[in-house]
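In full-length UniProt numbering, the protein residues as written are 1 to 359.
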Amino acid sequence: MADQKIYRASTTAPVNIAVIKYWGKRDPSLNLPTNSSLSVTLSQSDLRTHTTASCSSTFEGPDTLLLNNAPQSLSTARSLACLKSLRALRSKLEDAESSLPKLSTYPLRLVSVNNFPTAAGLASSAAGFAALVRAIADLYELQQSPTELSLIARQGSGSACRSLLGGYVAWDHGTRDDGLDSRARLVAPKSHWSDMKALILVVSAAKKGVSSTTGMQTTVQTSSLFQTRTKEVVPKEMAEMEKAIKSKDFATFAKVTMRESNSFHATCLDTDPPIFYLNDVSRAAIKAVEELNEKAGRTIAAYTFDAGPNAVIYYLEADEDAVLKTFLPILRQKEGWGKMDTKIDGPGPASPQVVEVLE
Ligand code: DP6
1 MADQKIYRAS TTAPVNIAVI KYWGKRDPSL NLPTNSSLSV TLSQSDLRTH
51 TTASCSSTFE GPDTLLLNNA PQSLSTARSL ACLKSLRALR SKLEDAESSL
101 PKLSTYPLRL VSVNNFPTAA GLASSAAGFA ALVRAIADLY ELQQSPTELS
151 LIARQGSGSA CRSLLGGYVA WDHGTRDDGL DSRARLVAPK SHWSDMKALI
201 LVVSAAKKGV SSTTGMQTTV QTSSLFQTRT KEVVPKEMAE MEKAIKSKDF
251 ATFAKVTMRE SNSFHATCLD TDPPIFYLND VSRAAIKAVE ELNEKAGRTI
301 AAYTFDAGPN AVIYYLEADE DAVLKTFLPI LRQKEGWGKM DTKIDGPGPA
351 SPQVVEVLE
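Encoded structure:
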């Protein structure tokens, strides 16, 4: 009798926020980056994608994906590349062990839920593809390590490769044409530096204007700053950042994080046509961090911004009072933050969220 069972696996994957930014592809179809990057993986209790993957011979039609209840296309080259690689690994297992059900041939039903704004510069594609790959790998009972799975997630969305690992994670750009050395690497687990915290200022929940994929391609084609950034700036910052993380040197971690965010956004501005991800609220957050550090007489907070206006402020737990004292009253009092944002980016209240670094 034919296999009528429904097979199912659920997982969650966290958001990661880069302190050294990935911006530029040397191979767009394989998602191979022009430079290495490094991120901090955030706690899953705060920002994550939850994905359930099911498959059955009784399911009809093509594979499907629901994200926050809305049907999404799985026929994009990126999604197809992920599904193909995962099916190939399952198929190898099935060839080696003939009693295994032929899950690789069954249609997939994927259901994902984000607990944060999708595509508002909060790395939703990172958590999304990491969860998709992990859920299907679990469904197929694949034995590949997170680093090996990061090669697959990278093809879905570059930054997703870093969300397969927790703690402080590098994505080495690699030099091979087939991309097999372009994958995530653990720099340090959360336990190494566990008092790191992130305050996320969701200044706009609106979708970003220029997607990362499109933005970085235009930058590669038009920005002259980009060449210096990729060849000279980022390699130096990567080395300094890894050293800072290994020696738990927050002042250097913070300096490099802020410098890197500014270098990335300067490159965006140097793109033709220019790309503006920061808004007035973002710039107010930068100023607030600068004043906070100045007042403290040492560097206690660092800002960084991805492809959107939302600020992520990194700080150490011991300095939480000072950091929250700076940001919470501003957010509460200054209705302007919300209002300004409403005018610029559409609705979305300014809601601060403190999140922890994930193990
Ligand atoms: C600014 O990973 O979203 O967040 O590979 O085209 O899907 P694609 O791009 P994506 O780009 C992220 C860019 C960034 C920086 C970073 O996370 O490193």
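We treat Cβ as the ideally placed atom computed from N, Cα and C, and that holds for glycine.
Close Cβ partners of Ala-318 (< 8 Å) along its chain, the five nearest in sequence each way excluded | Within the sequence shown, the letter at position 318 stands for residue 318. Same-chain partners within the cutoff: Asp-195.
Return the chain-ordered ranges of every beta strand (DSSP E) run that is complete within the segment 130 to 177 and spans a minimum of 3 residues.
-> 168 to 171
From the DSSP output, in three-state form, read off Thr-52 for me.
-> Here residue 52 is taken as the residue at index 52 of the sequence shown, counted from 1. Looking at Thr-52 - three-state DSSP - the assignment turns out to be strand.
Nearest neighbour of Asp-321, chosen from Val-312, Ala-311, Ile-300, Tyr-140 [CA to CA] | Within the sequence shown, residue 321 is the residue found at index 321, counting from 1. Of the listed residues, the one whose Cα sits closest to Asp-321 is Ile-300.
Using 8 Å as the cut-off, classify the Cβ of Asp-172 as near or not near the heavy atoms of the ligand DP6, replying yes or no.
-> Taking the first residue of the sequence shown as position 1, residue 172 is located at position 172. Not under cutoff, so the answer is no.
Residue ranges of each beta strand (DSSP E) within the segment 272 to 334, 3 or longer = 301 to 305, 311 to 316
Taking 9 Å as the cut-off, decide whether the C-beta atoms of Ala-302 and Lys-255 are in contact.
-> Here residue 302 refers to the residue found at position 302 when the sequence shown is read from its first residue. Here residue 255 refers to the residue found at position 255 when the sequence shown is read from its first residue. Yes, they are a contact pair.
When you compare only the Cα positions, how much space is there between Glu-294 and Ala-266?
-> In the sequence shown, the residue the question calls residue 294 occupies position 294. In the sequence shown, the residue the question calls residue 266 occupies position 266. Using only the alpha carbons, I get a separation of about 24 Å.
Give every residue of the same chain whose Cβ lies closer than 6 Å to the Cβ of Ile-344, excluding the five residues on either side of it in the sequence, and list them in chain order.
-> Here residue 344 is taken as the residue at index 344 of the sequence shown, counted from 1. A caution first: Ile-344 carries a pLDDT of 23, below 50, which makes its placement in the model too unreliable to give a value.
Asp-138: CB within 8 Å of a non-hydrogen atom of the ligand DP6 | The count along the sequence shown starts at 1 and reaches residue 138 at position 138. False, no ligand heavy atom lies under 8 Å from that Cβ.
Below 6 Å CB to CB, which residues in the same chain sit around Leu-66 once its five sequence neighbours on both sides are set aside?
-> The sequence position of residue 66 within the sequence shown is 66, counting from 1. The residues are Val-111.
Return yes when at least one heavy atom of the ligand DP6 lies under 8 Å from the C-beta of Gly-209, else no.
-> For this step, residue 209 is matched to residue 209 along the sequence shown. The answer is no for Gly-209.
Skipping 5 residues on each side, what residues in its chain have a beta carbon closer than 7 Å to that of Ala-188?
-> Looking up residue 188 in the sequence shown gives position 188. Same-chain partners within the cutoff: Gly-167, Tyr-168, Ile-245, Lys-246.
Proximity of Gly-158 and Lys-25 at Cβ, strictly below 9 Å | The residue labelled residue 158 in the question sits at position 158 within the sequence shown. The residue labelled residue 25 in the question sits at position 25 within the sequence shown. Closer than 9 Å, so yes.
Check the Cβ-Cβ distances between Leu-142 and every residue of chain D, and say whether any is below 9 Å.
-> Reference to chain D is not applicable here, since this structure consists of a single protein chain.
Thr-76 vs Thr-51 beta-carbon contact at 9 Å | As a first step, residue 76 must be located in the sequence shown, where it is residue number 76. As a first step, residue 51 must be located in the sequence shown, where it is residue number 51. It is not a contact, given that the beta carbons lie outside the stated cut-off.
Just mark Gln-44 as buried or exposed, buried being the case when its beta carbon has 16 or more other beta carbons within 10 Å.
-> The sequence position of residue 44 within the sequence shown is 44, counting from 1. Gln-44 comes out buried.
Would you say Phe-226 touches the ligand DP6, meaning its beta carbon is less than 8 Å from a heavy atom?
-> Counting from one through the sequence shown, the residue named residue 226 turns up at place 226. Phe-226: no, Cβ never under 8 Å from the ligand DP6.
Between the CA atoms of Gly-215 and Pro-352 - distance to the nearest angstrom | As a working mapping, residue 352 is identified with position 352 in the sequence shown. As a working mapping, residue 215 is identified with position 215 in the sequence shown. Confidence at Pro-352 is low in this model, with a pLDDT of 44, below 50, so the placement of that residue should be treated as unreliable; the coordinate-derived value is given next. Cα to Cα, the separation comes out at about 27 Å.
Limits of the alpha helix (DSSP H) - the one that Ser-39 falls within | Looking up residue 39 in the sequence shown gives position 39. First-last for Ser-39: 37 to 41, but that is the beta strand (DSSP E), not the alpha helix (DSSP H).
Stretch-stretch touch, CB-based, cutoff 8 Å, three pairs: the segment 281 to 292 with the segment 174 to 190 | no
Between the segment 261 to 275 and the segment 216 to 226, do at least 3 Cβ pairs fall closer than 8 Å?
-> yes
Asn-16 vs Gly-179 beta-carbon contact at 9 Å | Residue numbering aside, residue 16 sits at position 16 when the sequence shown is read from its first letter. Residue numbering aside, residue 179 sits at position 179 when the sequence shown is read from its first letter. The answer is no: Cβ separation not under 9 Å.
Cα-Cα separation, Thr-34 to Val-234 = Against the sequence shown, residue 34 aligns to sequence position 34. Against the sequence shown, residue 234 aligns to sequence position 234. Going by the C-alpha atoms only, they are around 10 Å apart.
Exposed or buried, Asp-181, counting other C-beta atoms within 10 Å across all chains shown (16 or more means buried)?
-> To locate residue 181, count along the sequence shown from 1; it is residue 181. Flag for Asp-181 reads exposed.
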